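K.L.:
Before we start, here is the structure in question, set down as structure tokens.
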């Protein structure tokens, strides 16, 4: 599996060979219309057919399109996860702790108008309107692996640009050692806030060099459309070599700070969720193994799990950030 | 409880009428108890198991094990409160269904989830994942109860010993709650486990109260 690293260069698979979403969807509609769907489904459930035959009644999200150029440096050979799974299987506790809650309940979130405040140790603190943020740098489509701390994974074509683009604009001072992401906490829009599952607002953070890494993506869309609410509309982070919860959703504030931020999960259970939370098959979660993962939508129920890759397969790009660090201690 | 313990209704007329409809009640209970499995199969064949079918199956079979355990434990209090002695006649079947769903739950874990990775499972069971230790203990305790469920086994063991063995269901219920509680603790969301915990606490608490009220050693009422 370690050979996967090379895939990131995009040399072994041309981006054009990945089935565009509309074509994949069209094929699915055909399966349904022709009645092959049902038998195909049965087969899929039994693991006879690959999940490509699994039907989705979703014709896409129907959200506004986001024009982006595919960045061929960040293409993986893994097959992208069905958009239906990407948008119905989510952890977004502001809308409930069940993974089906966000898709059902996030309709109350208003992703427009939206502002993101840049604060703290920066020469140019300012409040960005969403449209200004969207225009700050050219949008790119990047297909990333996404690994949840719970042991499942997806492959998602995100749309956004490197967070570094924004950071360069606001010019952090020499005191800025970390970036803190504060996400929306409005009980009118987010029914899950009435349960004290975590301390709200949800806070996440990155070290400055992690935030500046070109892989760290300030994300506005997926599958060529604006982010669905349940996926963190209108703007979220995607940090592909870390467990999913490190990628803050529905961001309203980005603060540059001197001290390591106290992140929500770190505060809730510091022995289970460290600040770094790099994907690491050798460091188990205290209550479960991280050696394997279930790729959502891959095969049927009789498909074994995959082996988890160090840094989620992005080691070649990011391992140097952690040189000399004991990743068991700084998990 | 074996029927030999004198738990059937006393009046011959009532017994005759019970005997007439009891088979139908048993069929109804059987169909009801099998419904969750039929639902899973139906969902499997119509792609309604969600994005992570193995997780769905694991949760569904786990939930129904717990539900069947609760219903089994509710039989005695319900019989005591309503006087409907025939309830005891469906308890064995419900208990066996609890075992059945527990076995499906366990099978889902070692096959579909862990894919026969015995080493990893051994680590789970021996303390890496305490919630699995608790769940495994609950399932292991259910095995002897299921094996001694036939009348013939009850006769061979003798009523008293059989009864003592089957009191293990109390430990099983507590372990099952612990299993569910610890599993959900990772999500920081304990609302659902709390509901089951309250139900089990009520069912076991009722027995405790009766035991304390009537401490006669030869009490005929089963706990």
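Residue numbers (the numbering used here), protein chains in the order written: chain Z, 1 to 331; chain Y, 1 to 223.
Glycine included, each C-beta is placed from N, C-alpha and C at the ideal position.
The model shown is predicted, which means the values in this text are computed figures rather than measured ones.
1) In whole angstroms, give me the CA-to-CA distance for residue 179 of chain Z and residue 168 of chain Y.
2) Pick helix, strand or coil for residue 165 of chain Z, following the three-state DSSP scheme.
3) Following the continuous alpha helix (DSSP H) through residue 171 of chain Z, name the residue where it begins and the one where it ends.
4) Count the other C-beta atoms from every protein chain shown that fall within 10 angstroms of the C-beta of residue 213 of chain Z, then say buried if there are 16 or more, exposed otherwise.
5) Where are the alpha helix (DSSP H) runs, 4 residues long or more, that stay fully inside the region 182–216 of chain Y, in chain order?
6) How would you call residue 151 of chain Y, buried or exposed, if buried means at least 16 neighbouring beta carbons within 10 angstroms?
7) Since residue 289 of chain Z meets chain Y, which of its residues come closer than 7 Å, beta carbon to beta carbon?
8) Among residues of its own chain, excluding the 5 on either side of residue 212 of chain Y, which ones have a beta-carbon nearer than 6 Å to its beta-carbon?
9) Between residue 29 of chain Y and residue 94 of chain Y, which are expected to be in contact by the criterion C-beta below 8 Å, what is the C-beta distance as a whole number of angstroms?
10) If we define contact as Cβ-Cβ less than 9 Å, is residue 150 of chain Y a contact residue for chain Z?
11) Using DSSP bridges, identify the partner residues of residue 334 of chain Z.
12) Does the beta carbon of residue 26 of chain Y come closer than 9 Å to any beta carbon on chain Z?
13) Hey, is the region 234–245 of chain Z in contact with the region 206–222 of chain Z, meaning 3+ C-beta pairs nearer than 8 Å?
14) Are residue 70 of chain Z and residue 140 of chain Z touching if we call contact CB-CB under 9 Å?
15) Using only alpha-carbon positions, find the residue among Z:134, Z:152, Z:95, Z:94 that is nearest to residue 113 of chain Z.
16) Just the Cα atoms here: how many angstroms apart are residue 89 of chain Y and residue 74 of chain Y?
17) State buried or exposed for residue 158 of chain Z, treating a residue as buried only when at least 16 other CB atoms are found within 10 Å of its CB.
18) Report yes or no: do the region 95–104 of chain Z and the region 115–126 of chain Z share at least 3 C-beta pairs separated by less than 8 Å?
19) Quick one, which of Z:297, Z:311, Z:328 has its alpha-carbon nearest residue 78 of chain Z's?
20) What residues in the region 71–91 of chain Y have a beta carbon less than 7 Å from any beta carbon of chain Z?
21) Please list, in chain order, all residues of the same chain as residue 329 of chain Z whose beta carbon is under 7 Å from its beta carbon, the five residues on each side excluded.
22) Ends of the alpha helix (DSSP H) at residue 105 of chain Y?
23) Considering Cα atoms alone, identify which of Z:196, Z:120, Z:155, Z:67 is closest to residue 83 of chain Z.
24) Which bits of chain Z does residue 193 of chain Y rub up against, with CB to CB less than 7 Å?
25) Under DSSP, the alpha helix (DSSP H) around residue 68 of chain Y begins and ends at which residues?
26) What are the uninterrupted segments assigned as beta strand (DSSP E) that are 3 or more residues long and contained completely in the region 235–280 of chain Z, given in chain order?
27) Could you name the residues of chain Z that residue 302 of chain Y contacts, counting a contact when the two beta carbons are closer than 8 Å?
28) Per DSSP, which one or two residues make a beta bridge with residue 288 of chain Z?
29) Are the region 167–186 of chain Y and the region 136–156 of chain Y touching by the rule of at least three beta carbon pairs closer than 8 Å?
30) Run through chain B and tell me which residues come within less than 9 Å of residue 57 of chain Y, C-beta to C-beta.
31) May I ask you to report which of helix, strand or coil DSSP gives residue 87 of chain Z?
32) Where does residue 212 of chain Z fall in DSSP's three states?
33) Comparing the C-beta of residue 182 of chain Y with each C-beta of chain Z, is any distance below 9 Å?
34) Just the C-alpha distance for residue 288 of chain Z and residue 19 of chain Y, rounded to the nearest angstrom, thanks.
35) Is the number of C-beta pairs between the region 258–266 of chain Z and the region 100–112 of chain Y that are closer than 8 Å three or more?
36) Can you pull the DSSP bridge partners for residue 146 of chain Z?
P.N.:
Checking against the coordinates, here is how it stands:
1) Each residue's CA atom was taken as its position, placing residue 179 of chain Z and residue 168 of chain Y some 54 Å apart.
2) helix
3) Taken as a continuous stretch (DSSP letters only), residue 171 of chain Z belongs to no alpha helix (DSSP H), as it is neither H nor E.
4) Burial is judged here by how many other beta carbons sit within 10 angstroms of a residue's own beta carbon; residue 213 of chain Z has at least 16 and is buried.
5) 191–213
6) exposed
7) 120
8) Cβ neighbours of residue 212 of chain Y beyond the five flanking positions: none.
9) 7 Å
10) No - not a single Cβ of chain Z is within 9 Å of the one on residue 150 of chain Y.
11) Since the first and last residues shown for chain Z are 1 and 331, residue 334 of chain Z lies out of range.
12) no
13) yes
14) yes
15) Nearest option by C-alpha distance: Z:134.
16) 13 Å
17) Buried.
18) no
19) Z:297
20) none
21) none
22) Start and end: 91–107.
23) Comparing Cα positions, the closest option is Z:155.
24) Here the premise fails: no neighbours, minimum Cβ distance about 12 Å.
25) 53–82
26) 236–238, 251–257
27) Any question about residue 302 of chain Y goes unanswered here, given that chain Y covers just 1 to 223.
28) Answer is Z:285, bridged to residue 288 of chain Z.
29) yes
30) No chain B appears in the structure shown, which is made up of the protein chains Z and Y.
31) Looking at residue 87 of chain Z - three-state DSSP - the assignment turns out to be helix.
32) helix
33) yes
34) 51 Å
35) no
36) Z:154.
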